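Okay, so here's the structure we're looking at.
Protein chains: 2
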Amino acid sequence: MFKKVIIAEDFEEFNLAVKQTLSDFDIVNFQHAKYCDDAFLKIRKAIQDNEPYDLLISDLSFKKDHREVKIGSGDELIQKVRELQPDIKIIAYSIEDKNARIKSLFEDSEINAFVLKGRNSIEELKKALNIISASDQKFISPEVASALQEKGNYEIDDVDIKILKYLSDGTSQDEIIEIFKSSDVKPNSKSAMEKRLSKLKDFFKANNTVHLVSITKDMGII
Amino acid sequence: MFKKVIIAEDFEEFNLAVKQTLSDFDIVNFQHAKYCDDAFLKIRKAIQDNEPYDLLISDLSFKKDHREVKIGSGDELIQKVRELQPDIKIIAYSIEDKNARIKSLFEDSEINAFVLKGRNSIEELKKALNIISASDQKFISPEVASALQEKGNYEIDDVDIKILKYLSDGTSQDEIIEIFKSSDVKPNSKSAMEKRLSKLKDFFKANNTVHLVSITKDMGII
DNA sequence: TTTCGGATTATGGATTTCCGTAAAATACTG
DNA sequence: CAGTATTTTACGGAAATCCATAATCCGAAA
Numbered sequence: 001m002f003k004k005v006i007i008a009e010d011f012e013e014f015n016l017a018v019k020q021t022l023s024d025f026d027i028v029n030f031q032h033a034k035y036c037d038d039a040f041l042k043i044r045k046a047i048q049d050n051e052p053y054d055l056l057i058s059d060l061s062f063k064k065d066h067r068e069v070k071i072g073s074g075d076e077l078i079q080k081v082r083e084l085q086p087d088i089k090i091i092a093y094s095i096e097d098k099n100a101r102i103k104s105l106f107e108d109s110e111i112n113a114f115v116l117k118g119r120n121s122i123e124e125l126k127k128a129l130n131i132i133s134a135s136d137q138k139f140i141s142p143e144v145a146s147a148l149q150e151k152g153n154y155e156i157d158d159v160d161i162k163i164l165k166y167l168s169d170g171t172s173q174d175e176i177i178e179i180f181k182s183s184d185v186k187p188n189s190k191s192a193m194e195k196r197l198s199k200l201k202d203f204f205k206a207n208n209t210v211h212l213v214s215i216t217k218d219m220g221i222i
Numbered sequence: 223m224f225k226k227v228i229i230a231e232d233f234e235e236f237n238l239a240v241k242q243t244l245s246d247f248d249i250v251n252f253q254h255a256k257y258c259d260d261a262f263l264k265i266r267k268a269i270q271d272n273e274p275y276d277l278l279i280s281d282l283s284f285k286k287d288h289r290e291v292k293i294g295s296g297d298e299l300i301q302k303v304r305e306l307q308p309d310i311k312i313i314a315y316s317i318e319d320k321n322a323r324i325k326s327l328f329e330d331s332e333i334n335a336f337v338l339k340g341r342n343s344i345e346e347l348k349k350a351l352n353i354i355s356a357s358d359q360k361f362i363s364p365e366v367a368s369a370l371q372e373k374g375n376y377e378i379d380d381v382d383i384k385i386l387k388y389l390s391d392g393t394s395q396d397e398i399i400e401i402f403k404s405s406d407v408k409p410n411s412k413s414a415m416e417k418r419l420s421k422l423k424d425f426f427k428a429n430n431t432v433h434l435v436s437i438t439k440d441m442g443i444i
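Chains L and W, in that order, are what the protein sequence lines are. Sequential numbering of the first sequence, starting at 1, is according to my numbering. Sequential numbering of the second sequence, starting at 223, is according to my numbering.
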């Protein structure tokens, strides 16, 4: 089982529950941070002191408040920590149930477990701890397990997302083209734009642009 | 202080924290429900048994799962409970920070307190308990207190919201008109529709329809 | 009843978006 | 290099939306 654990979580309710869970496993050496920045600093410090953490349990979304932060989301924190300390085990602990985001966590950041906050999350957290401490097996909450099986035929690239964001921001197609031209984004013709939009609408089964933006907003893509 | 409390909350982490808080106030007679339906039944039962609850602490959003439910959200639960037992005190306990929704809770459902889940929510929950148990004063978490001061010049009516919902659902303006005509919603001409949309865009400072839907989605109106 | 003000509806033209086709540019292959 | 495939760009007509103006309806007040 793990010896030294750090928790990145802004809500005290979840902090409390995680601490309780860790205690049940007789893990006493743990710390928590309410901001991603703090968590990252602690992890770096621990490495320097030659007493690294062997587990990070991190939330994904953190509330913004008065404080200025460098790392604003758990996704970023996880990414940075994975680079800094490749062998640390990571559990993402979140209410996020968007397939695309979960998939990317496993594939890009190589998290070891994803526990979905919900009616039985403490039980699942315990399962995750058991599994990933004993082996290199992954754990994912059953409610969202389908996220990984989903065929990753996401041909949606950065430009697509950029377009969607501009659209949802009230920019007209013509204006977006102008912006792309003046910032030398590769395809910047009216027709390329329209073709992309057409593909996107096809992909997301959207009837029109309004619908498309509505759908992608719901899916957490923009 | 309160004698008999019921909590409607699906996440066990929050349940745990609330129970802990109540214990700190020496409140021992409390129950919790993970589904709105259950909470409502318990409240009704308690009235019939002549031992009604004097406080409801309710979350607003509940995860959907396999189970079929009649009451799907805390907003509905609160509304129904307020009708059933007008003198019960109600605390909404949620991460919801959309002004429109909070305002409506105070004005339409006459909740007694709104506690925003966050980095210091337990402390705020305690404050809320103190204030509303001793008087008829309202409590609202400072981070969202501005929601109440907002000028309520919401001339946005049901039809507007219906239109926005249809739009975000991919329905074209013409199609919406057809729907309105066949279900005899009052204004159902092309121009009335366009005028309404124009007003909405004006009100929300939206550049176009896509922008409008995007904004109202973000505000939690649709 | 008449008049007024508002709300709804009608109309038409400007603008934007939609969608298919085709030309041009670029990449890839043998 | 020639030939093919893929991507990007160009163009044009159809459809939808945007916007201003004018006509109509309808209830309230004089």
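Glycine included, each C-beta is placed from N, C-alpha and C at the ideal position. This structure is a prediction, so every number in the text was calculated from the model and none was measured.
- Message: Which same chain residues end up closer than 6 Å to residue 105 of chain L when comparing Cβ atoms and leaving out the 5 residues on each side of it in sequence?
- Response: 92, 111
- Message: Helix, strand or coil for residue 33 of chain L? Go by DSSP, reduced to three states.
- Response: strand
- Supposed contact pair residue 300 of chain W and residue 331 of chain W - C-beta distance, whole angstroms, cut 8 Å: 5 Å
- Query: How long is the line joining the alpha carbons of residue 9 of chain L and residue 113 of chain L, rounded to whole angstroms?
  - Reply: 16 Å
- Item | Span of the beta strand (DSSP E) around residue 315 of chain W | 311-316
- Task: Taking residue 363 of chain W as the query, report the chain L residues whose CB atoms sit under 7 Å from its CB, ordered along the chain.
- Result: Neighbours of residue 363 of chain W on chain L: none; closest Cβ ~12 Å, over 7 Å.
- Query: Can at least three beta-carbon pairs, one atom from the segment 425-433 of chain W and one from the segment 165-175 of chain L, be found at a separation below 8 Å?
  - Reply: yes
- Closest residue to residue 358 of chain W among W/312, W/426, W/437, W/410 (Cα-Cα distance): W/312
- Task: In angstroms with no decimal places, state the Cα-to-Cα distance between residue 216 of chain L and residue 11 of chain L.
- Result: 28 Å
- Message: Within the continuous alpha helix (DSSP H) that includes residue 245 of chain W, where are the two ends?
- Response: 234-246
- Item | Cβ-based contacts, 7 Å cut-off: residues of the segment 237-254 of chain W near chain L | 238, 239
- Three-state secondary structure (DSSP) of residue 189 of chain L: coil
- Name the chain L residues whose beta carbon is nearer than 8 Å to that of residue 321 of chain W? Correct list: empty, because the minimum Cβ distance to chain L is about 16 Å.
- Decide yes or no for the touch test of the segment 64-72 of chain L against the segment 12-22 of chain L: beta carbon pairs closer than 8 Å, at least 3 of them. no
- Task: Return the residues of the segment 408-424 of chain W that lie within a Cβ-Cβ distance of less than 9 Å from chain L, sorted by chain order.
- Result: none
- Look up residue 347 of chain W in the DSSP assignment and give the residues it is bridged to. Its beta-bridge partners do not exist; DSSP assigns none.
- Message: Out of W/324, W/246, W/223, W/319, which one is the CA nearest neighbour of residue 275 of chain W?
- Response: W/223
- Scan the segment 341-366 of chain W for residues whose Cβ lies nearer than 9 Å to a Cβ of chain L and list them as they occur along the chain. 341, 342, 343, 344, 345, 365
- Message: To the nearest angstrom, how far is the alpha carbon of residue 166 of chain L from that of residue 115 of chain L?
- Response: 33 Å
- Message: Cβ closer than 8 Å: which chain W residues qualify as neighbours of residue 209 of chain L?
- Response: 432
- Query: Straight-line CA distance for residue 236 of chain L to residue 96 of chain L?
  - Reply: Coverage of chain L is limited to positions 1 through 222, which leaves residue 236 of chain L absent and any answer about it impossible.
- If we count Cβ pairs, one from each stretch, closer than 8 Å, do we get three or more for the segment 360-370 of chain W versus the segment 338-346 of chain W? yes
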